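Asks: Under the working numbering, the first residue of the sequence shown is numbered 2, with each subsequent residue one higher. Idealized CB from N, CA, C, for every residue including glycine. A quick note: this is a predicted structure, and the numbers were derived from the prediction, not measured. Pasting a structure below so you can have a look.
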Amino acid sequence: MAVTTRPQALSSKPPARGLNFGPGPALLPESVLVKAQEALWSFEDTGMGIAEISHRSPRFQELMERLQTGVRTLLKIPDTHEVLFIPAGATPHFDLVPVNLALGAGCPQAAYAITGHWSRLAYHEASRLIEATVATEVGAGSGRSSAERQIPDVAHWSVDRRVAYLYYPDNESIDGIEFPGPPEIPSTPLVSDMTANLFSRPVPVERFDLIFAGVQKNLGITGLGIVIVRKTCLHEAIPGWPPIFCYGRWAESRSMYNTPPTLNWYFALLMVEWMEAQGGVGALAVRNARKASLLYATIDQSGGFYRNAVAPACRSRMNVPFTLPTDTLTSRFLEEAARSGLLQLEGHRSTGGCRASIYNAMPESGVRALCEFMNGFMQRAG
Ligand SMILES: Cc1ncc(COP(=O)(O)O)c(C=O)c1O
Numbered sequence: 002m003a004v005t006t007r008p009q010a011l012s013s014k015p016p017a018r019g020l021n022f023g024p025g026p027a028l029l030p031e032s033v034l035v036k037a038q039e040a041l042w043s044f045e046d047t048g049m050g051i052a053e054i055s056h057r058s059p060r061f062q063e064l065m066e067r068l069q070t071g072v073r074t075l076l077k078i079p080d081t082h083e084v085l086f087i088p089a090g091a092t093p094h095f096d097l098v099p100v101n102l103a104l105g106a107g108c109p110q111a112a113y114a115i116t117g118h119w120s121r122l123a124y125h126e127a128s129r130l131i132e133a134t135v136a137t138e139v140g141a142g143s144g145r146s147s148a149e150r151q152i153p154d155v156a157h158w159s160v161d162r163r164v165a166y167l168y169y170p171d172n173e174s175i176d177g178i179e180f181p182g183p184p185e186i187p188s189t190p191l192v193s194d195m196t197a198n199l200f201s202r203p204v205p206v207e208r209f210d211l212i213f214a215g216v217q218k219n220l221g222i223t224g225l226g227i228v229i230v231r232k233t234c235l236h237e238a239i240p241g242w243p244p245i246f247c248y249g250r251w252a253e254s255r256s257m258y259n260t261p262p263t264l265n266w267y268f269a270l271l272m273v274e275w276m277e278a279q280g281g282v283g284a285l286a287v288r289n290a291r292k293a294s295l296l297y298a299t300i301d302q303s304g305g306f307y308r309n310a311v312a313p314a315c316r317s318r319m320n321v322p323f324t325l326p327t328d329t330l331t332s333r334f335l336e337e338a339a340r341s342g343l344l345q346l347e348g349h350r351s352t353g354g355c356r357a358s359i360y361n362a363m364p365e366s367g368v369r370a371l372c373e374f375m376n377g378f379m380q381r382a383g
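Printed below as a string of structure tokens:
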């Protein structure tokens, strides 16, 4: 074949990288970035870049099989469930879930547990389509003055027996609220948004009718969603709805309903291989718990200089929001942190304050560097 050699890199010294605490798009492991750079030039021995090869080619089909098998093994997904990759992140599933699992099943009722921004949005979307009720709700607000925020005990939730499913957000990435485990509501099918914590700890997949996640936290780059769905919930077509909105059609086409975002699939595979090399989801969970407890200890031992308003039992291990005493100090903190290479620590625009997202790819040394900076800043400012 005609062969071209790789052109000289534009810069022999690549620009420096900081530690990225952004909520997603999020930090990627260095080894993944290095492999992806290579593959963009030429994917393995194909002579073509990974963003250029046909999704119908045997090599890409092989990649897809590796991705499917890797995800299934990491999460111990039983044969009762299908894994789909659907473009456009997590938000489409705020609509696709009620369409497929409620309207598609002829049972237009569902209950929603609202513990933050994303589940509130999901509930409002569902309310346009079906009869959605609130099973429980954690009040809005994460500022310094708000009382401790806590997920109400499941015994006090209101879930009608006739609902098609109970929806809950496993981890609210803006509010920093995470369920310690799935809520125990007997004989009610569960649906969960796990965008911000899938692959961060083991999940009892068999208990869910459906789990969805945008992949930009722990499974690669933004623009793709993963759906793990019980096969019995898949329908051929949903009356009145275009087939592209039908999970059954995505399953039938093996997630190739149209040309898939091939580069995102490749990044997802690289992340799967990276997680395997880390020892799998169980090992990552141990590391994630350690990282989160370091950061929460720094906040809790600051004498109120840093504050996190979430009750310890449901504090997120992935997204840690915190406030400082004044807006002026917050701005100074963010500026000095950025100058020290600690990046994207701003809180969500709806809450203000700060937030450190510490997904799988954030090393423990990165969290230690942040804690050290926080302690130093407090001393300088105090
Ligand atoms: C928990 C959660 N759900 C849903 C979303 C929305 O994801 P997307 O932007 O991929 O639609 C996000 C985004 O950060 C999220 O963190």
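1) Distance check for Arg208 and Arg73, CA to CA, integer angstroms please.
2) If you draw a straight line from the alpha carbon of Pro326 to that of Gly19, how long is it in whole angstroms?
3) Specify, as a first and last residue, the run of the beta strand (DSSP E) that Tyr258 falls within.
4) Determine contact between the segment 287-307 and the segment 321-338, defined as no fewer than three beta-carbon pairs at a distance below 8 Å.
5) Whole angstroms are fine: how far does the CA of Asp161 sit from the CA of Ile178?
6) What residue range is occupied by the uninterrupted alpha helix (DSSP H) comprising Glu277?
7) Select from Gly226, Ile300, Gly249, Arg60 the residue whose C-alpha is nearest the C-alpha of Leu102.
8) If you compare alpha carbons, which of Ile131, Ala310, Ile212 is closest to Gly1?
9) So, is Pro79 buried or exposed, given that buried needs 16 or more other C-beta atoms within 10 angstroms?
10) Ligand 1 and Gly304: does any heavy atom of the ligand fall closer than 8 Å to the residue's C-beta?
11) Helix or strand or just coil, what does DSSP make of Ser143?
12) If you measure between the beta carbons of Leu225 and Trp266, is that distance less than 9 Å?
13) At what residue ranges does the segment 164-223 contain a whole run of the alpha helix (DSSP H), taking only runs of 4 or more?
14) Run the CB neighbour count on Gly280, radius 10 Å, all protein chains shown included, and call it buried at 16 or more, exposed below.
15) Just to confirm my understanding: we take Arg145, look at its own chain, exclude 5 residues before and 5 after, and list those with CB closer than 7 Å. What are they?
16) Can you give the Cα-Cα distance for Ala40 and Ala156, rounded to whole angstroms?
17) Taking contact to mean 3 or more Cβ pairs, one atom from each stretch, closer than 8 Å, check whether the segment 166-173 and the segment 182-192 are in contact.
18) Tell me whether the beta-carbon of Glu126 lies closer than 9 Å to the beta-carbon of Asp171.
19) For a test of the three-state rule: what should DSSP assign to Glu384, helix, strand or coil?
20) I think Asn361 touches Ser201, with their Cβ atoms under 8 Å apart; what is that distance to the nearest whole Å?
21) Taking the beta carbon of Ala338 as the centre, do at least 16 other beta carbons fall within 10 Å, making it buried, or is it exposed?
22) Given this structure, state the Cα-to-Cα distance separating Ser174 from Pro364, to the nearest angstrom.
23) Tell me whether Ile245 is buried or exposed, calling it buried when 16 or more other Cβ atoms sit within 10 Å of its Cβ.
24) Ala114 to Val192, Cα distance in whole Å?
25) With the cut-off set at 9 Å, would you say Arg60 and Phe86 are in Cβ contact?
26) For Glu347, count neighbouring Cβ atoms within 10 angstroms of its own Cβ and tell me buried if that reaches 16, exposed if not.
27) Would you say the beta carbon of Pro244 is closer than 8 Å to some non-hydrogen atom of ligand 1?
28) Hey, is Lys292's beta-carbon within less than 9 Å of any beta-carbon in chain E?
29) Sorted by chain position, which residues of the same chain lie with C-beta nearer than 8 Å to Gln151's C-beta, five sequence neighbours on each side aside?
30) For Ser384, collect the residues of the same chain with a Cβ closer than 8 Å to its Cβ; drop the 5 residues on either side in sequence, then sort them by chain order.
31) What is the DSSP secondary structure of Glu347, counted as helix, strand or coil?
32) Look at Ala286 and Pro203 and say whether their C-beta atoms are less than 9 Å apart.
33) Using three-state DSSP, classify Glu39 as helix, strand or coil.
34) Can the beta-carbon of Val100 be found less than 9 Å from the beta-carbon of Trp275?
Replies: Per the coordinate set shown:
1) The residue labelled residue 73 in the question sits at position 72 within the sequence shown. The residue labelled residue 208 in the question sits at position 207 within the sequence shown. Going from the Cα of Arg73 to the Cα of Arg208 covers about 15 Å.
2) Counting from one through the sequence shown, the residue named residue 326 turns up at place 325. Counting from one through the sequence shown, the residue named residue 19 turns up at place 18. If you take the alpha carbons of Pro326 and Gly19, they lie about 26 Å apart.
3) Within the sequence shown, the letter at position 257 stands for residue 258. No beta strand (DSSP E) contains Tyr258, which DSSP labels as neither H nor E.
4) yes
5) Translated into positions along the sequence shown, residue 178 becomes position 177. Translated into positions along the sequence shown, residue 161 becomes position 160. So the alpha carbons of these two residues sit roughly 24 Å apart.
6) Position 276 of the sequence shown, counted from the first residue, corresponds to residue 277. Per DSSP, Glu277 belongs to the alpha helix (DSSP H) from 263-278.
7) On the sequence shown, position 101 is the one that residue 102 refers to. If we check each option's Cα against that of Leu102, Gly249 comes out closest.
8) This structure leaves residue 1 out entirely; the chain is present only between 2 and 383.
9) The residue labelled residue 79 in the question sits at position 78 within the sequence shown. Result: exposed.
10) Locating residue 304 in the sequence shown gives position 303, where the first residue counts as 1. Checking every heavy atom of ligand 1 against the Cβ of Gly304, none is found closer than 8 Å.
11) Here residue 143 corresponds to residue number 142 of the sequence shown, with the count starting at 1. Low local confidence applies: a pLDDT of 45 at Ser143 is under 50, so the model's placement there is unreliable, with the coordinate-based value given in what follows. In the structure shown, Ser143 sits in coil (DSSP, three-state: anything other than H, G, I, E or B).
12) Stepping through the sequence shown from its first residue, residue 225 is reached at position 224. Stepping through the sequence shown from its first residue, residue 266 is reached at position 265. Their beta carbons are under 9 Å apart, which means Leu225 touches Trp266 by this criterion.
13) none
14) The residue given as residue 280 occupies position 279 in the sequence shown. Flag for Gly280 reads exposed.
15) Within the sequence shown, the letter at position 144 stands for residue 145. Residue placement at Arg145 cannot be trusted, given a pLDDT of 48 that sits under 50; the coordinates are not used to answer.
16) Mapped onto the sequence shown, residue 40 falls at position 39. Mapped onto the sequence shown, residue 156 falls at position 155. Looking at the two C-alpha atoms, the distance is approximately 52 Å.
17) yes
18) As a working note, residue 126 is residue 125 in the sequence shown. As a working note, residue 171 is residue 170 in the sequence shown. It is not a contact, given that the beta carbons lie outside the stated cut-off.
19) This structure cannot settle anything about residue 384, because the visible part of the chain is limited to 2 through 383.
20) Reading the sequence shown from its first residue, position 360 is the one you call residue 361. Reading the sequence shown from its first residue, position 200 is the one you call residue 201. With 8 Å as the limit, Asn361 and Ser201 qualify as a contact, their Cβ atoms being about 6 Å apart.
21) Walking along the sequence shown from the start, residue 338 turns up at place 337. That one is buried.
22) Translated into the one-based positions of the sequence shown, residue 174 becomes position 173. Translated into the one-based positions of the sequence shown, residue 364 becomes position 363. Each residue's alpha carbon lies about 19 Å from the other.
23) The residue labelled residue 245 in the question sits at position 244 within the sequence shown. By the 10 Å Cβ count, Ile245 comes out exposed.
24) Residue 114 sits at position 113 when you count from the first residue of the sequence shown. Residue 192 sits at position 191 when you count from the first residue of the sequence shown. Distance between the alpha carbons of Ala114 and Val192: 10 Å.
25) For the purposes of this step, residue 60 is identified with residue 59 of the sequence shown, where counting begins at 1. For the purposes of this step, residue 86 is identified with residue 85 of the sequence shown, where counting begins at 1. Not closer than 9 Å, so no.
26) For the purposes of this step, residue 347 is taken as the residue at position 346 of the sequence shown. The residue in question, Glu347, is buried, as its Cβ has 16 or more Cβ neighbours within 10 Å.
27) Position 243 of the sequence shown, counting from 1, holds the residue named residue 244. No.
28) No chain E appears in this structure, which consists of one protein chain only.
29) Taking the first residue of the sequence shown as position 1, residue 151 is located at position 150. If we look at Gln151 and ignore the five residues flanking it on each side, its Cβ neighbours are Val139, Val311, Ala312, Ala314, Cys315.
30) Here the chain has residues from 2 to 383 only, and residue 384 is not among them.
31) By one-based count along the sequence shown, residue 347 stands at place 346. Looking at Glu347 - three-state DSSP - the assignment turns out to be strand.
32) The count along the sequence shown starts at 1 and reaches residue 286 at position 285. The count along the sequence shown starts at 1 and reaches residue 203 at position 202. Yes, these two residues count as a Cβ contact at 9 Å.
33) Numbered from 1 along the sequence shown, position 38 holds the residue referred to as residue 39. Three-state DSSP puts Glu39 in a helix.
34) Here residue 100 refers to the residue found at position 99 of the sequence shown. Here residue 275 refers to the residue found at position 274 of the sequence shown. No, they are not a contact pair.
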